[in-house]
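Mapping the sequence shown onto our numbering, position 181 (from 1) lands on 181, and the numbers just tick up by one. What follows is one structure encoded as structure tokens, with my remarks underneath.
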Amino acid sequence: MNKIKISAVSYTNTKPFIYGIERSALLDQIDLSLDIPTDCAAKLIDGQVDIGLIPVAAIPDVPNAYIVADYCIGSVGAVNSVFIFSKVPAAEISTVKLDLQSRTSNNLAKVLLKFHFKREVTYTTDPDVETDAIVLIGDRTFGKKEEFAYAYDMGQEWMNFTGLPFLYAAWVANKPIPQAFINDFNEALAFGLSNRKLLLQELPKLPNFDLEDYLLHKLDFELTDKKREALSLFLTYITKL
């Protein structure tokens, strides 16, 4: 049997999943690559991989897309790694620098600024342009909140806006995957999640960021009906931008 090609996000938020996969019998059946979110999506869209842990904003661009796992990258309220960092209050933001690593977070920022904060904003990806605020995600946000006058956690702001949790990334396939593999895949992911405390012992300690709180409490990995509802609502809002 040909190996199933999988692309996963290289951030800390995915390490529980990788921990489980690397300790499962699946390793003999897969080719696993670790990438930034935009590259995960690009590989799945282009057919370079069969399954990707991709930013959910990219799902409409994936041919024959369907979610294959019972687990995801999500949060119920604050996530502590997906931010709009700003020099001014949200009510005064007029220019924003987007994060090139994730389409979902950029779109979430746009949705929140337009429909939640009621702002008309100019966006750029030019690193040399000064802006009121920036979108920043993942490990690069760890310990950064103190460097900015205002830090808007987009998981919390989405909850304030909609009353719903948020789904940042899901395991998506672009072709039919055998159910037996999906069952084993879910089992591997669940094993990794149940061993997060062991994983934490292997991760380097960060002086200005609570990894234990992040992996055990801020991130919420269950793909619930409420997260699916949030996904549908979010994709609807994107079409209105």
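All C-beta atoms, glycine included, are put in the ideal place defined by N, C-alpha and C. Predicted model only: the values in this text are computed from it and were never measured.
So residue i is in the alpha helix (DSSP H); what residue range does that whole segment cover?
| i | result |
| --- | --- |
| residue 75 | Where residue 75 is concerned, there is no enclosing alpha helix (DSSP H), although the beta strand (DSSP E) it sits in stretches over 66-75. |
| residue 22 | 15-22 |
| residue 104 | 103-111 |
DSSP three-state call for residue i: helix, strand or coil?
| i | result |
| --- | --- |
| residue 55 | strand |
| residue 205 | coil |
| residue 212 | helix |
| residue 229 | helix |
| residue 97 | strand |
| residue 82 | strand |
| residue 120 | coil |
| residue 184 | helix |
| residue 50 | coil |
| residue 43 | helix |
| residue 12 | helix |
| residue 241 | coil |
| residue 87 | coil |
| residue 63 | coil |
Quick check on residue i: buried or exposed, where buried means 16 or more other Cβ atoms within 10 Å of its Cβ?
| i | result |
| --- | --- |
| residue 140 | exposed |
| residue 75 | buried |
| residue 46 | exposed |
| residue 198 | exposed |
| residue 203 | exposed |
| residue 109 | buried |
| residue 66 | exposed |
| residue 89 | exposed |
| residue 55 | buried |
| residue 94 | exposed |
| residue 132 | buried |
| residue 244 | The question about residue 244 has no answer here: the residues shown for the chain are numbered 1 through 241. |
| residue 96 | buried |
| residue 223 | buried |
| residue 178 | exposed |
| residue 69 | buried |
| residue 107 | buried |
| residue 225 | exposed |
| residue 13 | buried |
Terminal residues of the continuous beta strand (DSSP E) containing residue i?
| i | result |
| --- | --- |
| residue 8 | 4-9 |
| residue 33 | 30-35 |
| residue 220 | 220-222 |
Shorter than 9 angstroms from the beta carbon of residue i to some beta carbon of chain D?
| i | result |
| --- | --- |
| residue 77 | The structure shown contains no chain D, having only a single protein chain. |
| task | State whether the segment 188-198 contacts the segment 91-105, with contact taken as three or more CB pairs (one from each stretch) at a distance under 8 angstroms. | result | no
| Which ranges would you report for the beta strand (DSSP E) in the segment 125-182 if only whole runs of at least 3 residues count? | 133-137, 150-153, 166-173
| Counting Cβ pairs closer than 8 angstroms, one from the segment 72-86 and one from the segment 149-158, do we hit at least three? | yes
| message | Does the contact criterion of 3 or more C-beta pairs under 8 angstroms hold for the segment 120-132 versus the segment 54-66? | response | no
| request: Spell out a yes or no on whether the segment 175-191 and the segment 13-27 are touching, meaning 3 or more CB-CB pairs, one atom from each, closer than 8 angstroms. | output: yes
| Counting pairs of beta carbons, one from the segment 200-214 and one from the segment 39-57, are three or more of them closer than 8 angstroms? | no
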